[in-house]
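Engineer:
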Amino acid sequence: MSIRMTCRDCGHSHSYRTQGLADHHFPRHSCAAQNVRMARRRRRVARERSSGEQRECTHPQAHHEHGTRLAYVLDKCRCRPCRDAVRVYESARSRRIAYGRPGSLVDADPVRAHLKDLSAQGMGWKRAAAAAGVANGTVYAILYGKLLSQPDHPEHRPPRKRVRRDIAEKLLAVQVTLAAGALVDGTGTRRRLQALVAIGWSMSELGRRLGWQPANAWKLVTGEGQVTHHTAAGVRALYDELWNQPVTGSDRATKTSATRASQLAGRNGWLPPLAWDDDLIDDPASTPSCESGTRRDALEDIVWLADQGETLTAIARHLQLAESTVEQRLRRHDRVDLLHRLRPVAA
1 MSIRMTCRDC
11 GHSHSYRTQG
21 LADHHFPRHS
31 CAAQNVRMAR
41 RRRRVARERS
51 SGEQRECTHP
61 QAHHEHGTRL
71 AYVLDKCRCR
81 PCRDAVRVYE
91 SARSRRIAYG
101 RPGSLVDADP
111 VRAHLKDLSA
121 QGMGWKRAAA
131 AAGVANGTVY
141 AILYGKLLSQ
151 PDHPEHRPPR
161 KRVRRDIAEK
171 LLAVQVTLAA
181 GALVDGTGTR
191 RRLQALVAIG
201 WSMSELGRRL
211 GWQPANAWKL
221 VTGEGQVTHH
231 TAAGVRALYD
241 ELWNQPVTGS
251 DRATKTSATR
261 ASQLAGRNGW
271 LPPLAWDDDL
281 IDDPASTPSC
291 ESGTRRDALE
301 DIVWLADQGE
311 TLTAIARHLQ
321 LAESTVEQRL
331 RRHDRVDLLH
341 RLRPVAA
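Counting in our numbering, the sequence shown runs from 1 upward without gaps.
(1) Quick check on Val303 - is its C-beta less than 8 angstroms from some C-beta in chain B?
(2) Should Gly249 go down as buried or exposed, given a rule of 16 or more other Cβ atoms within 10 Å for buried?
(3) Helix or strand or just coil, what does DSSP make of Gly199?
(4) Measure the CB-CB distance between Pro273 and Ala168 and report whether it falls below 8 angstroms.
(5) Identify which residue in Asp9, Gly11, Ser15, Cys10 has its Cα closest to the Cα of Ile3.
(6) Please list, in chain order, all residues of the same chain as Gly20 whose beta carbon is under 6 angstroms from its beta carbon, the five residues on each side excluded.
(7) Could you check if Glu327 is buried or exposed, using at least 16 other CB atoms within 10 Å of its CB as the buried criterion?
(8) For the alpha helix (DSSP H) containing Asp23, name the first residue and the last one.
(9) Report the rounded CA-to-CA distance for Gly225 versus Ala316, giving the unit in angstroms.
(10) So who's on the other strand from Ser13, going by DSSP bridges?
(11) Considering only C-alpha positions, which residue in the set Met1, Ala32, Leu299 is nearest to Cys7?
(12) Nearest to Leu330 by alpha carbon, out of Ala132, Asp301, Pro246?
(13) Quick one: what does DSSP say Cys58 is sitting in, helix, strand or coil?
(14) To the nearest angstrom, how far is it from the Cα of Ser292 to the Cα of Leu280?
(15) Please determine if the segment 187-207 and the segment 223-237 are in contact, where contact requires at least 3 C-beta pairs separated by less than 8 angstroms.
(16) How many Å lie between Pro158 and Leu193 at the Cα?
(17) Out of Leu242, Leu172, Asp109, which one is the CA nearest neighbour of Ala129?
(18) Would you kindly work out how many angstroms separate the C-alpha atoms of Leu342 and Glu241, rounded to a whole number?
(19) Would you list the residues sitting across from Thr228 in a DSSP beta bridge?
(20) With a Cβ-Cβ cutoff of 8 angstroms, do Ala108 and Val174 count as a contact?
(21) When you compare only the Cα positions, how much space is there between Leu305 and Ala322?
(22) Hey, Leu220 and Gly122 are a contact pair by Cβ (cut 8 angstroms); roughly how many whole angstroms apart?
(23) So, under 8 angstroms CB-CB, Trp276 and Ala198 are touching, yes? Tell me the CB distance rounded to an integer number of Å.
(24) Decide if Thr187 is buried, meaning its Cβ has at least 16 other Cβ atoms within 10 Å, or exposed.
(25) For His63 versus Cys77, is the C-beta spacing smaller than 8 angstroms?
(26) In whole angstroms, give me the CA-to-CA distance for Leu143 and Arg127.
(27) Spatial neighbours of Gly200 within its chain, please: C-beta separation below 7 angstroms, excluding the five flanking residues on both sides.
(28) Which of the three DSSP states is assigned to Asp75 in this structure?
(29) For Glu53, collect the residues of the same chain with a Cβ closer than 6 angstroms to its Cβ; drop the 5 residues on either side in sequence, then sort them by chain order.
(30) Give the straight-line distance between the Cα atoms of Gly100 and Arg87, rounded to the nearest whole angstrom.
(31) If you draw a straight line from the alpha carbon of Thr138 to that of Glu56, how long is it in whole angstroms?
(32) Which ranges would you report for the beta strand (DSSP E) in the segment 222-285 if only whole runs of at least 3 residues count?
(33) If we ignore side chains and look at the alpha-carbon of each, how far apart do Ala22 and Ala132 end up?
(34) Going by alpha carbons, who is nearest to Thr231 out of Gly266, Gln213, Asp278, Gly181?
(35) Can you find the residues in the same chain that come closer than 7 angstroms, C-beta to C-beta, to Val134, ignoring five residues on each side of it along the sequence?
(36) Lys161 by DSSP, collapsed to three states: which one?
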């Protein structure tokens with residue numbers, strides 16, 4: 001059982017295991033020292049509750065928002081939100097040092113490369129900053145530094161070489177989320193439409209499924225330059241649906257339309273879906289896989305399509321080959337069994 005003693009003059013309070021210890025130690029406490037400690041505590045609480053002078057950002061190339069360490073350090077703002085932000089940052093920094101954790105600064109090159117990659121895909125650095133919850137000025141300093149075009153200026157700064165770990169993690173986690181009207185490279189969109197034409201889908205039918213006029217579909221398939229993100233997404237979804245469904249209707253009109261589409265693709269050198277790797281079809285520098293493929297690759301394509309339940313006619317249209325060429329390749333590789341399996345299905 002402990003004995004608790006409290007001083008009526010200064011408020012000092014302490015617990016002792018025995019009455020003897022209390023009688024010996026309690027009279028020896030210093031009321032003056034206790035008053036100093038209490039005054040210090042009251043000043044600290046008052047500082048935490050008070051709000052100093054609020055200053056707005058005056059920097060021409062950045063806007064530092066209140067409630068951030070940047071506004072506290074660069075704008076000398078002492079409002080309550082900015083002071084709270086600094087206190088949280090310093091507390092976290094002190095814990096990292098006390099626990100021996102890795103430094104808070106990391107290489108900025110991967111972050112800069114990621115931001116440039118997002119920009120190439122149509123997501124500007126300001127949108128990336130907003131998505132990551134990072135101040136615009138911080139992202140600008142990572143990409144461009146400060147007054148980069150004026151190296152003699154006293155405030156000139158090159159792009160940052162290092163960046164805080166938490167900021168790097170936030171920015172690297174940002175993925176492209178484009179607005180419907182944002183412009184993106186149209187290479188993959190054109191290749192997908194051309195590949196569908198190569199397996200028998202007519203321009204008019206593709207336009208109808210996409211909600212376009214046939215003239216607009218033709219202009220997009222044969223054009224150059226950029227397309228909107230909405231258009232690219234719609235074409236990608238249609239391609240994912242139809243890439244392995246060549247037109248194989250039994251009526252004369254469908255056959256005629258499919259033949260004309262395939263002939264149009266042949267005249268223009270448009271390749272079917274199997275000529276493109278999914279990971280490379282959007283890359284303007286990539287080339288069709290069939291251009292460097294071997295006859296063994298072609299046989300494997302025929303076998304794979306047959307295993308998917310495709311007919312001889314469909315396989316030929318997929319690979320942009322004549323049916324007789326498919327038959328010849330099967331015979332050449334001693335796959336007459338597969339040819340016999342396909343013939344009755346094709347009939």
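For each residue, glycine too, the CB sits at the ideal point set by N, CA and C. Just so we're clear, the structure is a prediction, and the values are computed from it rather than from any experiment.
Structural biologist: Judging by the given coordinates:
(1) Note that chain B does not occur in the displayed structure, where there is just one protein chain.
(2) Against the sequence shown, residue 249 aligns to sequence position 249. Looking at its Cβ environment, which holds fewer than 16 other Cβ atoms inside 10 Å, Gly249 is exposed.
(3) Taking the first residue of the sequence shown as position 1, residue 199 is located at position 199. The residue you asked about is not Gly; residue 199 is Ile in the sequence shown. If DSSP states are grouped into helix, strand and coil, Ile199 belongs with coil.
(4) As a position in the sequence shown, residue 273 is number 273, starting the count at 1. As a position in the sequence shown, residue 168 is number 168, starting the count at 1. No, these two residues do not count as a Cβ contact at 8 angstroms.
(5) Along the sequence shown, read from residue 1 onward, the residue named residue 3 stands at position 3. For the options Asp9, Gly11, Ser15, Cys10, the alpha carbon positioned closest to that of Ile3 is the one of Ser15.
(6) In the sequence shown, the residue the question calls residue 20 occupies position 20. For Gly20, where only same-chain residues beyond five positions count, there are no Cβ hits under 6 angstroms.
(7) On the sequence shown, residue 327 is found 327 positions in, with the first residue counted as 1. By the C-beta density criterion, Glu327 is buried, having at least 16 other C-beta atoms within 10 angstroms.
(8) Within the sequence shown, residue 23 is the residue found at index 23, counting from 1. Looking at the DSSP string, the run of the alpha helix (DSSP H) that includes Asp23 is 19-25.
(9) Reading the sequence shown from its first residue, position 225 is the one you call residue 225. Reading the sequence shown from its first residue, position 316 is the one you call residue 316. About 32 angstroms.
(10) Along the sequence shown, one-based indexing puts residue 13 at 13. Looking at the DSSP assignment, Ser13 forms a beta bridge with Thr6.
(11) What you label residue 7 is simply residue 7 of the sequence shown in a count that begins at 1. Minimum Cα-Cα distance from Cys7 among the listed residues Met1, Ala32, Leu299 corresponds to Ala32.
(12) Translated into the one-based positions of the sequence shown, residue 330 becomes position 330. With distances taken between Cα atoms, Leu330 lies closest to Asp301.
(13) Working through the sequence shown from its first residue, we reach residue 58 at position 58. Here the sequence assigns Thr to residue 58, which means Cys is not the residue at that position. Three-state DSSP puts Thr58 in coil, outside helix and strand.
(14) Stepping through the sequence shown from its first residue, residue 292 is reached at position 292. Stepping through the sequence shown from its first residue, residue 280 is reached at position 280. Bear in mind that the predicted position of Ser292 carries a pLDDT of just 40, short of 50, making it unreliable; the figure below should be weighed with that in mind. Rounded to the nearest angstrom, the two C-alpha atoms are 15 angstroms apart.
(15) Contact holds: three or more Cβ-Cβ distances are below 8 angstroms.
(16) The sequence position of residue 158 within the sequence shown is 158, counting from 1. The sequence position of residue 193 within the sequence shown is 193, counting from 1. Those two C-alpha atoms are separated by around 45 angstroms.
(17) Mapped onto the sequence shown, residue 129 falls at position 129. Ranked by Cα distance from Ala129, the first of Leu242, Leu172, Asp109 is Leu172.
(18) For the purposes of this step, residue 342 is taken as the residue at position 342 of the sequence shown. For the purposes of this step, residue 241 is taken as the residue at position 241 of the sequence shown. Cα to Cα, the separation comes out at about 24 angstroms.
(19) For the purposes of this step, residue 228 is taken as residue 228 along the sequence shown, with counting starting at 1. Answer is Leu183.
(20) Here residue 108 refers to the residue found at position 108 when the sequence shown is read from its first residue. Here residue 174 refers to the residue found at position 174 when the sequence shown is read from its first residue. Cβ distance not < 8 angstroms, so Ala108 and Val174 don't count as in contact.
(21) Along the sequence shown, one-based indexing puts residue 305 at 305. Along the sequence shown, one-based indexing puts residue 322 at 322. Using only the alpha carbons, I get a separation of about 15 angstroms.
(22) Here residue 220 refers to the residue found at position 220 when the sequence shown is read from its first residue. Here residue 122 refers to the residue found at position 122 when the sequence shown is read from its first residue. Contact between Leu220 and Gly122 is ruled out by a C-beta separation of about 18 angstroms, above the 8 angstroms threshold.
(23) Taking the sequence shown and counting its residues from 1, the one referred to as residue 276 is at position 276. Taking the sequence shown and counting its residues from 1, the one referred to as residue 198 is at position 198. Contact doesn't hold; Cβ gap of about 10 angstroms is too wide.
(24) As a working note, residue 187 is residue 187 in the sequence shown. By the 10 Å Cβ count, Thr187 comes out buried.
(25) Taking the sequence shown and counting its residues from 1, one reaches residue 63 at position 63. Taking the sequence shown and counting its residues from 1, one reaches residue 77 at position 77. For the 8 angstroms CB-CB criterion, His63 and Cys77 do not form a contact.
(26) For the purposes of this step, residue 143 is taken as the residue at position 143 of the sequence shown. For the purposes of this step, residue 127 is taken as the residue at position 127 of the sequence shown. Roughly 14 angstroms separates the two Cα atoms.
(27) Within the sequence shown, residue 200 is the residue found at index 200, counting from 1. Excluding sequence positions up to five before and after Gly200, its CB lies within less than 7 angstroms of the CB of Pro246, Val247, Ala258, Ala261, Ser262, Arg317, all in the same chain and listed in chain order.
(28) Looking up residue 75 in the sequence shown gives position 75. DSSP places Asp75 in coil when its eight states are reduced to three.
(29) As a position in the sequence shown, residue 53 is number 53, starting the count at 1. The answer, listed in chain order, is Arg78.
(30) Taking the first residue of the sequence shown as 1, we reach residue 100 at position 100. Taking the first residue of the sequence shown as 1, we reach residue 87 at position 87. Distance between the alpha carbons of Gly100 and Arg87 is about 20 angstroms.
(31) For the purposes of this step, residue 138 is taken as residue 138 along the sequence shown, with counting starting at 1. For the purposes of this step, residue 56 is taken as residue 56 along the sequence shown, with counting starting at 1. A direct Cα-Cα distance of roughly 17 angstroms separates Thr138 from Glu56.
(32) Correct list: 226-228.
(33) If you number the sequence shown from 1, residue 22 lands on position 22. If you number the sequence shown from 1, residue 132 lands on position 132. Those two C-alpha atoms are separated by around 58 angstroms.
(34) As a first step, residue 231 must be located in the sequence shown, where it is residue number 231. Considering only alpha carbons, the answer is Gly181.
(35) Start at 1 with the first residue of the sequence shown, and residue 134 comes out as number 134. Only Ile167, Lys170, Leu171 meet the Cβ criterion.
(36) Position 161 of the sequence shown holds residue 161. Coil at Lys161, not helix or strand.
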